[in-house]
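With our numbering, letter number 16 in the sequence shown gets 259, and the count goes up by one each step, no holes. Note that the Cβ used here is the ideal one computed from N, Cα and C, for glycine as well. Since the structure is predicted, the reported quantities are computational estimates derived from the model, not experimental observations.
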Amino acid sequence: MLQAQALDALSALANETRLQIVRLLVEHGPTPACKRQAETAPNTEPDGVPAGEIARAVSVTASRLSFHLSALEQAGLIRAERRGRQVLYTVDRTAMGGLIHYLLNDCCRGDPQVSACCQRRAEGATESRDSGLQLP
Numbered sequence: 244m245l246q247a248q249a250l251d252a253l254s255a256l257a258n259e260t261r262l263q264i265v266r267l268l269v270e271h272g273p274t275p276a277c278k279r280q281a282e283t284a285p286n287t288e289p290d291g292v293p294a295g296e297i298a299r300a301v302s303v304t305a306s307r308l309s310f311h312l313s314a315l316e317q318a319g320l321i322r323a324e325r326r327g328r329q330v331l332y333t334v335d336r337t338a339m340g341g342l343i344h345y346l347l348n349d350c351c352r353g354d355p356q357v358s359a360c361c362q363r364r365a366e367g368a369t370e371s372r373d374s375g376l377q378l379p
């Protein structure tokens, strides 16, 4: 990821509503293959969330939602796909991973203390959406 791309992505995420949208889309993203194999029924639900559902979840009007979705899409963090009469939105997990990689390796230069914090988070530390990170 280039610095300009990282700046665009970080700018897009520096908004409460857009951050809520990304969280929602991550939670409703594609079912991981390992989980899908464990299920007895095939995954018949389409991946992605329709705009109306996003608007209700984050409590914004359609016009405000369009503004926020456009900012996230221009930053490359989400994708829109038309399926029939509706447009479904998904997080671009590759782009999100690229941003995280950029922050850890380019900005922080692989600093061991920063990496250790990320490792602890991955191993089950809790996070409060309202009060920020809580590391063990």
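- Look at the beta carbons and you see the stretch 315-324 not touching the stretch 349-358: under three pairs across the two are nearer than 8 Å.
- L347 has its alpha-carbon roughly 11 Å from the corresponding atom of A359.
- V292 and L331 do touch by the CB rule: their CB atoms are close to 6 Å apart, below 8 Å.
- Of the residues assessed, I297 falls on the buried side of the cut-off, its CB having 16 or more other CB atoms within 10 angstroms.
- Counting every other CB atom within 10 Å of its CB across the protein chains shown gives L250 a total below 16, marking it as exposed.
- Our two residues, A323 and A300, have alpha carbons roughly 18 Å apart in a direct line.
- Within the DSSP bridge table, the entry for Y332 names V292 and A323 as partners.
- Pairing I321 with T337 gives a Cβ-Cβ distance that is not under 8 Å.
- By the C-beta density criterion, A252 is buried, having at least 16 other C-beta atoms within 10 angstroms.
- Of the other Cβ atoms in all chains shown, fewer than 16 fall within 10 Å of the Cβ of H344; this residue is therefore exposed.
- D349 sits in a helix when the DSSP states are folded into three classes.
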